[in-house]
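**Q**
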Amino acid sequence: MKRTTTVVAALAGIAALGALALASGFAKRAAKRALRHWNSRNRFAMRVVESPFAHLAASQVGYGPSMSKQFSSAKEFGGFRATRERDGAVVFVGGAPVRSVKTDLLGAIDKVWIGDFSGLDAPGRYRIDADNGDTSFPFEIGPQVFDQPLRAVQRWFYYQRAFTTIDAAHAEGPWVHPSDAEKAPPGVRMGWHDAGDLSIYSASLNTALFWLLEAYSDFRPADDATNIPESGNGVPDLLDEAKWGLEWLLSVQDPSGGFRNVTCQEQYGAYGTNTPNSVPPYKPGEVGTLATARAVGNLAYASTIFRAYDPGFADRCLQAAARGYGHLKQHWSENSDGPTCPAYRADGNAELGRHARMFAAAGMLLAAGESRFRDDFEESFVDLQYDPSYHHLNGFAAQLYLRAPAGNPARKRELRDRLRALAASSRGDGEKHPFGWATRYHWGSIGAAFTRSGSYNVKACLDDPFANAADCNQALANVHYALGRNLLQLCYVSGLPGTTRSRSWAFHHWLAALRARPHDFPGMVAGGPNPAPDPNDGSKPDGWPLPVWGYWGDPAFPRDGSTPLDGRYTDNDSWSTNEVSVDWQGAALYSLYFAQWAARRR
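Numbered continuously in my numbering, the sequence shown closes out at residue 730.
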């Protein structure tokens with residue numbers, strides 16, 4: 129009873145401070161100081177003090193039986209052993225490191241030693257113990273080891289659905305909200321909220337759509353039972369989810385044939401007060417050639433996939449793509465976007481315009497097979513010099529062109545040669561990384577790695593898994609990094625069964641307002657280490673109704689300019705390291721479909 133009374137009194141005190149903080153003058157300043165002190169003290173008490181890289185770094189999810197399996201150690205070792213969690217039996221004995229890697233990514237740790245336990249292939253749950261005293265977190269080995277992570281990452285799209293109810297029957301937890309359909313502009317429907325914010329952007333949604341369609345094309349999943357509203361309808365749930373994004377595209381097509389760039393939520397209240405059904409009405413974006421080209425490419429691609437399941441929907445997609453392409457041809461020299469919710473805006477960028485037209489032409493060539501689209505592809509061609517992204521669509525265009533029967537054989541040979549060279553570059557970077565990770569260290573580094581290996585290494589592996597085994601291993605190394613083989617020894621995906629230490633608190637307006645426990649729904653892929661976290665991504669311990677803990681100034685996760693590059697991430701409200709995004713969620717899903725395929729191979 130005394131404890132209950134104390135807690136109630138404390139909560140009442142906090143509420144009183146919050147009320148004063150909303151007042152004005154001296155009382156407000158005093159209340160905010162007191163609130164800062166109270167919240168900062170409580171936050172400091174949550175800090176876990178542990179030296180960096182305190183464990184052997186390996187995936188916390190696990191490995192397929194026939195996969196290459198490696199761990200990283202911060203200290204040299206002479207040997208190691210794998211023990212079975214169930215009974216402590218030693219099931220594998222390994223020797224000295226197979227190699228070492230010098231690095232400047234880990235601060236004072238400038239060398240890492242790599243152990244190999246690929247010979248351990250019996251299904252079970254294990255941990256690695258090295259003779260240097262370090263041990264790994266436990267992990268699974270088995271052919272189904274990626275089934276649950278894949279399901280969770282795919283179901284993320286359900287939770288992010290816009291203009292609908294997220295209901296208890298499908299949420300599998302407390303993450304529910306009423307319908308927000310009345311907030312949509314007239315005629316706009318479906319789509320996915322972009323990230324921790326609520327807008328729907330052509331740039332990121334189309335990138336996610338590409339990866340969902342690629343996942344179906346390359347792996348043909350048949351699962352129709354992931355507990356989304358469409359489950360059991362005879363269509364793979366992956367395609368049902370892709371259709372949710374495609375329907376948004378169809379709904380934002382203008383009578384001119386062009387497509388709008390965004391469905392925009394411009395106004396947010398204080399962090400912790402914004403739910404999908406409580407925000408102001410959304411604004412429609414502008415018609416632009418960049419948004420139009422993106423939509424054309426994906427709708428054309430989708431028409432070739434949905435033909436087997438829903439010919440009527442496939443026809444709608446192709447007809448909309450053809451109208452969009454007509455609009456694009458009428459504005460062929462334009463590179464237009466729009467000013468509404470300008471996060472992804474690229475007005476006037478001629479090179480990005482060529483990328484987008486290349487993507488549209490490749491999609492139409494795949495779907496319609498007409499030589500004019502091949503000619504337009506060549507006219508807009510931009511060589512593959514860097515990884516694809518929501519702006520740089522030429523890499524995605526190349527994949528569509530390679531699928532098109534009407535593509536020029538000589539151009540296809542050139543594209544394959546270039547993709548092989550980029551795959552080799554990815555492998556080279558992975559070889560030099562202490563955790564085997566081939567990424568680009570920038571905002572969204574987890575997604576950057578999945579995009580890179582998904583575009584190059586996975587394709588090479590699928591082409592010839594035996595001759596290109598090194599590409600198979602590189603693509604899987606990027607998966608293992610995200611699932612725990614990293615400096616922070618953190619699984620960067622929320623809510624996965626069996627993980628010891630995983631992401632648990634994303635920057636997310638709806639979840640901040642929901643105050644559910646657990647905070648994050650399963651399957652949320654973090655942005656990851658960012659070499660330059662935004663200076664504005666700071667903490668507000670006097671925030672009301674919630675304190676906000678950003679990358680800078682969080683007593684539970686102290687960070688400064690000396691923080692090692694691979695550790696520049698915080699599991700809190702940091703939007704520059706810990707937000708979700710629909711585009712890298714799609715890339716992660718594609719890589720997990722690959723991992724599932726690889727785990728089931730003999």
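For each residue, glycine too, the CB sits at the ideal point set by N, CA and C.
Roughly how many angstroms lie between the CA atoms of Y453 and E375, to the nearest whole one?
**A** Near 18 Å, if we compare the C-alpha coordinates of E375 and Y453.
**Q** Using a Cβ distance threshold of 8 Å, determine whether the stretch 566-576 contacts the stretch 648-657, with at least three qualifying pairs required.
**A** The stretch 566-576 vs the stretch 648-657: in contact.
**Q** Do F649 and D701 have their C-beta atoms closer together than 8 Å?
**A** Cβ atoms of F649 and D701: not closer than 8 Å.
**Q** Quick one, which of Y329, L326 and Y287 has its alpha-carbon nearest N355's?
**A** Taking only the C-alpha atoms, the option nearest N355 is Y287.
**Q** Look up A436 in the DSSP assignment and say whether it is helix, strand or coil.
**A** Reduced to three states, the DSSP call for A436 is coil.
**Q** Touching or not, the stretch 271-280 and the stretch 229-244, by the rule of three or more beta carbon pairs under 8 Å?
**A** Counting Cβ pairs under 8 Å, fewer than three are found: no touch.
**Q** Per DSSP, what are the beta-bridge partners of Y329 in this structure?
**A** Per DSSP, V390.
**Q** Pick out whichever of G222, P251, D275 and G261 has its Cα sitting closest to the Cα of Q724.
**A** Checking every option, the nearest Cα to that of Q724 belongs to D275.
**Q** So what does Y697 bridge to, in DSSP terms?
**A** Paired residue(s): none; Y697 is not in a bridge.
**Q** Rounded to the nearest angstrom, what separates R444 and A430 at their Cα positions?
**A** If you take the alpha carbons of R444 and A430, they lie about 10 Å apart.
**Q** Closer than 7 Å by C-beta to P409: which residues in its own chain qualify, once you throw out the five before and the five after it? Chain order, please.
**A** Around P409: K311.
**Q** So, at 6 Å on beta carbons, what are the nonlocal neighbours of S85 in its own chain, with the 5 sequence-adjacent residues on each side left out?
**A** Any property of residue 85 remains undetermined from this structure, which presents the chain solely from 129 to 730.
**Q** How would you write the range of the beta strand (DSSP E) that V218 sits in, first residue to last?
**A** Counting along the chain, the beta strand (DSSP E) containing V218 begins and ends at V218 to G222.
**Q** Count the other C-beta atoms from every protein chain shown that fall within 10 angstroms of the C-beta of R485, then say buried if there are 16 or more, exposed otherwise.
**A** Buried, because 16 or more other Cβ atoms sit within 10 Å of the Cβ of R485.
**Q** With H, G and I counted as helix, E and B as strand and the rest as coil, what does DSSP make of S168?
**A** S168: helix per DSSP, three-state reduction.
**Q** What does the alpha-carbon distance come out to for the pair G556 and N402?
**A** In a straight line, the C-alpha of G556 is about 45 Å away from that of N402.
**Q** State whether the stretch 587-606 contacts the stretch 664-675, with contact taken as three or more CB pairs (one from each stretch) at a distance under 8 Å.
**A** Contact fails: fewer than three Cβ-Cβ distances are below 8 Å.
**Q** Grouping DSSP H, G and I as helix and E and B as strand, with all else coil, what is E268?
**A** The answer is strand: DSSP assigns E268 an E or B state.
**Q** Quick one: give me the first and last residue of the beta strand (DSSP E) that F291 is part of.
**A** No beta strand (DSSP E) contains F291, which DSSP labels as neither H nor E.
**Q** Which partner residues does S200 have in the DSSP bridge list?
**A** In DSSP, S200 forms a bridge with A185 and I242.
**Q** Assign Q101 to one of three DSSP states: helix, strand, or coil.
**A** Because the chain here runs from 129 to 730, residue 101 falls outside it and cannot be looked at.
**Q** DSSP three-state label for A138, please.
**A** A caution first: A138 carries a pLDDT of 44, below 50, which makes its placement in the model too unreliable to give a value.
**Q** What is the DSSP secondary structure of F190, counted as helix, strand or coil?
**A** Correcting the residue identity first, residue 190 is Gly in this sequence and not Phe. In this structure, G190 counts as strand in the three-state DSSP scheme.
**Q** How is the beta strand (DSSP E) around R255 delimited, first residue to last?
**A** Run containing R255: G252 to A258, per the beta strand (DSSP E) assignment.
**Q** Roughly how many angstroms separate the alpha carbons of V363 and D352, rounded to a whole number?
**A** Roughly 6 Å separates the two Cα atoms.
**Q** Could you name the residues of the same chain whose beta carbon sits closer than 7 Å to that of P625, not counting the 5 residues immediately before and after it, in chain order?
**A** Excluding residues within five positions, the ones whose Cβ falls inside 7 Å are Q276.
**Q** Which of helix, strand or coil does DSSP assign to H660?
**A** Sequence check: residue 660 is Ala here, not His. Of the three classes helix, strand and coil, the one that applies to A660 here is coil, per DSSP.
**Q** Who are the near neighbours of G301 in its chain, counting only those whose CB is closer than 7 Å to its CB and skipping five residues on each side?
**A** These residues qualify, in order along the chain: F649.
**Q** Below 8 Å between beta carbons: does that hold for D257 and Q198?
**A** Not a contact, by the Cβ cut-off of 8 Å.
**Q** Can you tell me which of R289, S194 and F265 puts its alpha carbon nearest to the alpha carbon of L333?
**A** Comparing Cα positions, the closest option is R289.
**Q** Starting from the Cα of R531, find the closest Cα among R541, S553 and L494 and give me that residue.
**A** Ranking R541, S553 and L494 by Cα distance to R531 puts L494 first.
**Q** So what does DSSP say about S622, is it helix, strand or coil?
**A** Note: S622 maps to coil in three-state DSSP.
**Q** Could you tell me how far apart the beta carbons of K203 and N260 are, in whole angstroms, since I believe they sit closer than 8 Å?
**A** Contact holds; Cβ gap of about 4 Å.
**Q** Report the three-state DSSP secondary structure of R482 (helix, strand or coil).
**A** In the structure shown, R482 sits in a helix (DSSP, three-state: H, G or I).
**Q** Could you please give the first and the last residue of the uninterrupted beta strand (DSSP E) stretch that includes F208?
**A** Unbroken beta strand (DSSP E) run through F208: F208 to R212.
**Q** Note down the Cα distance separating G400 from A640, rounded to an integer number of angstroms.
**A** Taking the straight line joining both Cα atoms gives about 5 Å.
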